[in-house]
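Taking it in order: structure first as structure tokens, then the write-up.
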Amino acid sequence: MDSVVIAVDGPAAAGKTTTCLALSEIFGLQYIESGRTYRILAFEALRRGISPEDRPSVISLCDELIEQSRARSQFAVGGYAPQDLRSAPVNVTVSTVARIAELRVRVTELVRTWAAACAKCVVEGRDIGTVVFPAASIKFYLTATPEVRAGRRIAQEGGGAYEDVLRDVLRRDRADMSREVSPLVPAEDAVMIDTTELPLAQVVDRMVSVCESRGVTIP
Ligand code: DC
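Counting from 1, position 200 in the sequence shown corresponds to residue 268 in our numbering; the numbering is continuous, with no gaps.
Here it is in structure tokens:
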């Protein structure tokens, strides 16, 4: 296979990052995390006191960050600590920011550019198999019950009362699935994996088998 794009979509904390990183390692693929771009936009909007409801200002913030990141395969200049991008305020703001159609067009374009630069990649997000790469060679849609996802989030990131984390997972599901532009839905041709009762190592095994059966080779 000359070029490979593996799309991995699904709701928050369904195991996308863990499995994408494993696939990236196993098959030597570049890993592209589209959610990080939305998170940086939310983080910068908060830092600069821009309301996420103020669409023109959020869009010009996005244009400014794109300008800064020309010729880089990373959005925006400067390091962002994972704990900053995953804070509770960012979790809330990112859902509002991700509803802005003009912003989604820009992020889609960025992700396509990054993917084009690296021939073989695995791309994680919410609309990768449906909007960003509708012709991706392989698509996965991971899901799990909100309760299991909340439990995993606490185990992975530590901290947070279970009830609060569960409420946030449910809120983000609603926001992701009900927005007008690019709502979270499985692509028709996605391989669906319910990870509720599967350890993530087994989920990876399943994904690896699918990839191999579709001609992706281990280098
Ligand atoms: O994958 P994540 O949890 O880091 O994503 C953060 C938010 O960004 C998520 O709540 C919705 C949004 N997002 C999106 O709308 N489309 C994507 N392709 C990726 C993320």
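From the three backbone atoms N, C-alpha and C, an ideal C-beta is built for every residue, glycine too.
Can you find a heavy atom of the ligand DC that lies under 8 Å from the Cβ of residue i?
i, result
"serine 288", "Within the shown structure, residues of the chain are numbered from 69 to 287, placing residue 288 beyond reach of any answer."
"isoleucine 108", "no"
"serine 92", "no"
"aspartate 195", "yes"
"valine 162", "yes"
"valine 237", "no"
"alanine 183", "no"
"lysine 84", "yes"
"arginine 104", "yes"
"valine 200", "yes"
Let me know the secondary structure DSSP gives residue i once reduced to three states.
i, result
"cysteine 186", "coil"
"glycine 283", "coil"
"glycine 219", "helix"
"tyrosine 99", "strand"
Among residues of its own chain, excluding the 5 on either side of residue i, which ones have a beta-carbon nearer than 7 Å to its beta-carbon?
i, result
"aspartate 236", "Asn159"
Spatial neighbours of residue i within its chain, please: CB distance less than 6 Å, with the 5 preceding and 5 following residues excluded, ordered by chain position.
i, result
"threonine 105", "Phe143 and Val175"
"leucine 252", "Arg194, Asp244 and Met245"
"aspartate 241", "Pro79"
"isoleucine 196", "Ala75 and Asp77"
Roughly how far, in whole angstroms, is the beta-carbon of residue i from the beta-carbon of residue j, given that I think they are within contact range, below 8 Å?
i, j, result
"valine 190", "serine 250", "About 19 Å separates the two Cβ atoms, so there is no contact after all."
"valine 31", "leucine 114", "Limits of the chain in this structure are 69 at one end and 287 at the other, which puts residue 31 out of reach."
Excluding the 5 residues flanking residue i on each side, which residues of the same chain have their C-beta closer than 8 Å to its C-beta?
i, result
"arginine 116", "Leu129"
Determine, using beta-carbon pairs with one atom in the stretch 208–220 and one in the stretch 79–95, whether at least three such pairs fall under 8 Å. Touching, yes.
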